[in-house]
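Chains as they are written, first to last, in this note's numbering: chain A, 318 to 484; chain B, 3 to 281.
All residues carry an ideal CB built from backbone N, CA and C; glycine is no exception.
Only a predicted model underlies this, so the values are computations on that prediction, with no experimental measurement involved.
Reading through the structure tokens given below for one structure.
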Amino acid sequence: MRETIAKDGLRAFMGTVAAVAVYSVAGASAPALLVVFNAFSVVVLYFSIRRGEVFGALLGTMCGLAQDAFSLGVFGVAGITKTLLGFWTGYVSRRIDIAPFTRNALFMLVMSVLEMILWVLITALVRLKSVNVEGGLLFLQPVVTAVLGSSLFVLERRIKARRSRGA
Amino acid sequence: MPLWEKRRSALVLAGLMAFHVLLISIQVPRGAEKSLFARAVFFLYSPVQRVASATVRGIGSLWNGYFALRGVRRENQKLKRENFFLSQDIRFLEDRLENTKSEAELRASLAEFEGSLVAARVIGVDSANPHQAIVIDKGSIDGVGKNMAVCDRTGALVGRTIAPVGLKTAMIQLVTDKDSSVSVKSVVAGLTGSMTGRSTEVCDLRYILASAEGGTEGEELKTTGFDRIYPPGIRVGVIQSVDKDESSPIFKRILVKPLFRFDTLDVVAVLTKGPGGGL
Numbered sequence: 318m319r320e321t322i323a324k325d326g327l328r329a330f331m332g333t334v335a336a337v338a339v340y341s342v343a344g345a346s347a348p349a350l351l352v353v354f355n356a357f358s359v360v361v362l363y364f365s366i367r368r369g370e371v372f373g374a375l376l377g378t379m380c381g382l383a384q385d386a387f388s389l390g391v392f393g394v395a396g397i398t399k400t401l402l403g404f405w406t407g408y409v410s411r412r413i414d415i416a417p418f419t420r421n422a423l424f425m426l427v428m429s430v431l432e433m434i435l436w437v438l439i440t441a442l443v444r445l446k447s448v449n450v451e452g453g454l455l456f457l458q459p460v461v462t463a464v465l466g467s468s469l470f471v472l473e474r475r476i477k478a479r480r481s482r483g484a
Numbered sequence: 003m004p005l006w007e008k009r010r011s012a013l014v015l016a017g018l019m020a021f022h023v024l025l026i027s028i029q030v031p032r033g034a035e036k037s038l039f040a041r042a043v044f045f046l047y048s049p050v051q052r053v054a055s056a057t058v059r060g061i062g063s064l065w066n067g068y069f070a071l072r073g074v075r076r077e078n079q080k081l082k083r084e085n086f087f088l089s090q091d092i093r094f095l096e097d098r099l100e101n102t103k104s105e106a107e108l109r110a111s112l113a114e115f116e117g118s119l120v121a122a123r124v125i126g127v128d129s130a131n132p133h134q135a136i137v138i139d140k141g142s143i144d145g146v147g148k149n150m151a152v153c154d155r156t157g158a159l160v161g162r163t164i165a166p167v168g169l170k171t172a173m174i175q176l177v178t179d180k181d182s183s184v185s186v187k188s189v190v191a192g193l194t195g196s197m198t199g200r201s202t203e204v205c206d207l208r209y210i211l212a213s214a215e216g217g218t219e220g221e222e223l224k225t226t227g228f229d230r231i232y233p234p235g236i237r238v239g240v241i242q243s244v245d246k247d248e249s250s251p252i253f254k255r256i257l258v259k260p261l262f263r264f265d266t267l268d269v270v271a272v273l274t275k276g277p278g279g280g281l
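This is the structure:
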């Protein structure tokens with residue numbers, strides 16, 4: 318039991334390191350890309366579907382806090398939204414079939430939109446100021462997250478299929 | 003089966019939620035100052051950011067720097083570096099010449115900035131809004147501290163260093179951040195006010211009375227030094243529009259376009275001996 322928690326914690330940490338690396342690469346390539354692309358959300362969605370709600374919540378906490386650490390916003394706002402994103406994504410994905418690409422993408426889109434709504438509401442509540450939507454570009458973020466997240470599953474399936482053919 | 007096993011998921015979620023709510027609650031009354039925990043998370047992940055950003059730069063310059071133009075590239079980088087420092091010197095020289103009367107005063111004010119520039123590379127931008135903050139690859143080891151002014155290649159003001167400042171990384175609050183405020187003066191009409199960010203591409207020039215004369219589109223703004231963070235005479239932005247403020251009729255509504263260009267912000271200069279340095 319203790320070993321499982323420690324392993325999950327370590328995996329969540331590695332997942333967060335991966336998210337920070339992807340976020341940094343995106344930021345170094347084109348800073349404006351970060352408005353439409355949230356590496357932390359993609360990582361949380363992908364691993365929550367694969368490993369369930371408890372791991373999703375843990376990874377959501379770590380990724381959210383890492384995102385907050387690289388921002389001037391209130392520390393913990395992304396943490397709370399990503400925790401809920403990870404938990405509910407893991408929880409719901411175990412109860413419905415999201416294997417086909419379109420269903421998978423739609424599910425991720427719904428979860429990303431819900432995360433964004435929650436983030437906007439909490440930010441407005443905590444900072445008493447509205448969020449800058451970058452001329453509407455920010456609303457593209459859930460779409461990009463859903464497409465990238467689903468593409469990861471497609472990629473994973475293809476790699477597995479190629480390996481099994483090779484074996 | 004014990005309660006923990008039965009309600010494991012719900013208990014984990016409840017615990018994490020309680021942790022986050024507590025974390026947010028203890029910060030809200032304190033304002034923007036980062037907690038020890040927030041700093042620890044920043045320090046934990048900033049090396050990853052440095053490595054990732056260096057990898058992108060390395061891959062990007064592999065062809066130009068090695069295969070094709072190895073010698074030329076090296077020379078070019080040296081010249082760019084020299085040019086960067088010379089541009090900064092010229093800016094300060096021009097600004098000092100405007101405000102200084104005698105040669106002795108000029109020499110004294112120039113001596114203030116001698117060896118006080120630290121060139122840094124931008125390795126990250128704010129994860130929530132790029133107009134709020136950036137992360138640079140210089141820290142306390144290089145002499146960078148809190149509240150130091152930061153300029154771009156052309157000497158235009160970018161922002162100031164804020165906590166957390168790591169050993170080899172530091173966070174810069176941009177002048178476009180909504181919590182940023184810079185004391186500025188227009189160069190022609192001499193209008194003095196406070197330039198505050200909106201977390202967008204433009205800023206507001208506040209506290210200019212509606213009865214004040216002057217203030218036209220395109221007029222340049224420079225720092226006054228009254229805020230004791232930014233040295234006086236640094237170019238900040240140009241007036242974009244001047245209107246009546248409907249919500250507060252005693253003041254003008256002035257929008258300012260900052261001079262630093264976000265899309266070309268790759269290298270910056272930190273002024274380590276400015277009025278804010280060492281605070």
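Cα-Cα, which of the options is closest to residue i?
{"i": "aspartate 91 of chain B", "options": "B/Ile61, B/Val74, B/Leu64 and B/Val120", "result": "B/Val120"}
{"i": "valine 160 of chain B", "options": "B/Ala40, B/Phe262, B/Leu193 and B/Ala130", "result": "B/Phe262"}
{"i": "glutamine 134 of chain B", "options": "A/Ala336, A/Phe364 and A/Ala386", "result": "A/Ala386"}
{"i": "lysine 180 of chain B", "options": "B/Cys205, B/Ile164, B/Val258 and B/Ser188", "result": "B/Cys205"}
{"i": "leucine 25 of chain B", "options": "A/Phe357, A/Phe330, A/Asn355 and A/Gly390", "result": "A/Gly390"}
{"i": "valine 352 of chain A", "options": "A/Asp325, A/Gly403 and A/Val460", "result": "A/Val460"}
{"i": "glutamate 432 of chain A", "options": "A/Gly326, A/Phe456 and A/Thr321", "result": "A/Phe456"}
{"i": "alanine 209 of chain B", "options": "B/Leu169, B/Gln175 and B/Ile252", "result": "Alanine is not the amino acid found at residue 209 of chain B; the sequence shown has tyrosine there. With distances taken between Cα atoms, tyrosine 209 of chain B lies closest to B/Ile252."}
{"i": "glutamate 215 of chain B", "options": "B/Ala191, B/Arg59 and B/Ser63", "result": "B/Ala191"}
Is residue i helix, strand or coil by DSSP?
{"i": "glycine 307 of chain B", "result": "No statement about residue 307 of chain B is possible, as the shown extent of chain B runs from 3 to 281 and does not include it."}
{"i": "leucine 281 of chain B", "result": "The pLDDT assigned to leucine 281 of chain B is 38, lower than 50, so where the model puts this residue is not dependable, and the model offers no usable value."}
{"i": "serine 332 of chain A", "result": "Reading off the sequence shown, one finds glycine at residue 332 of chain A, where the question assumed serine. Helix."}
{"i": "valine 190 of chain B", "result": "coil"}
{"i": "proline 234 of chain B", "result": "coil"}
{"i": "arginine 9 of chain B", "result": "coil"}
{"i": "serine 55 of chain B", "result": "helix"}
{"i": "isoleucine 252 of chain B", "result": "coil"}
{"i": "alanine 345 of chain A", "result": "helix"}
{"i": "glycine 390 of chain A", "result": "coil"}
{"i": "glycine 216 of chain B", "result": "coil"}
{"i": "serine 37 of chain B", "result": "coil"}
{"i": "glutamine 79 of chain B", "result": "helix"}
{"i": "leucine 455 of chain A", "result": "helix"}
{"i": "threonine 266 of chain B", "result": "helix"}
So which residues on chain B does residue i lean against when the C-beta distance must stay under 9 Å?
{"i": "isoleucine 413 of chain A", "result": "Under the 9 Å cutoff, chain B gives no residues; its nearest Cβ is about 17 Å from isoleucine 413 of chain A."}
{"i": "phenylalanine 392 of chain A", "result": "Leu25, Ile26, Gln29, Lys36, Ser37, Phe39, Ala40 and Val43"}
Taking 6 Å as the line, does the beta carbon of residue i fall inside it for any heavy atom of the ligand NAP?
{"i": "alanine 54 of chain B", "result": "This structure simply doesn't include the ligand NAP, nor any ligand for that matter."}
Provide the residue span of the beta strand (DSSP E) that contains residue i, from first to last.
{"i": "serine 243 of chain B", "result": "237-246"}
{"i": "glycine 126 of chain B", "result": "119-127"}
{"i": "threonine 163 of chain B", "result": "159-167"}
{"i": "arginine 208 of chain B", "result": "205-208"}
In angstroms with no decimal places, state the Cα-to-Cα distance between residue i and residue j.
{"i": "leucine 18 of chain B", "j": "leucine 401 of chain A", "result": "9 Å"}
{"i": "glycine 373 of chain A", "j": "glycine 199 of chain B", "result": "36 Å"}
{"i": "leucine 365 of chain A", "j": "valine 464 of chain A", "result": "Per the sequence shown, the amino acid found at residue 365 of chain A is serine instead of leucine. Taking the straight line from one Cα to the other gives about 16 Å."}
{"i": "valine 337 of chain A", "j": "glycine 326 of chain A", "result": "16 Å"}
{"i": "arginine 76 of chain B", "j": "alanine 172 of chain B", "result": "27 Å"}
{"i": "threonine 406 of chain A", "j": "arginine 367 of chain A", "result": "10 Å"}
What residue range is occupied by the uninterrupted alpha helix (DSSP H) comprising residue i?
{"i": "glutamine 458 of chain A", "result": "458-483"}
{"i": "isoleucine 397 of chain A", "result": "394-410"}
{"i": "alanine 383 of chain A", "result": "370-386"}
{"i": "valine 352 of chain A", "result": "350-353"}
Which residues of chain A have a Cβ atom closer than 9 Å to the Cβ of residue i, listed in chain order?
{"i": "phenylalanine 264 of chain B", "result": "Pro348 and Ala349"}
{"i": "leucine 119 of chain B", "result": "None at all; the shortest Cβ gap to chain A is about 23 Å."}
For a contact meaning CB atoms closer than 7 Å, what does residue i contact in chain A?
{"i": "aspartate 179 of chain B", "result": "Leu389"}
{"i": "proline 132 of chain B", "result": "Pro348, Ala349, Leu351 and Val352"}
{"i": "glycine 126 of chain B", "result": "Ser341, Gly344 and Phe387"}
Can you name the residues of chain A whose CB is closer than 8 Å to the CB of residue i?
{"i": "valine 137 of chain B", "result": "Phe387"}
Residues of chain B with CB under 7 Å from residue i, in chain order?
{"i": "glutamate 370 of chain A", "result": "Ser11"}
Which bits of chain B does residue i rub up against, with CB to CB less than 8 Å?
{"i": "threonine 400 of chain A", "result": "Leu15, Leu18, Met19 and His22"}
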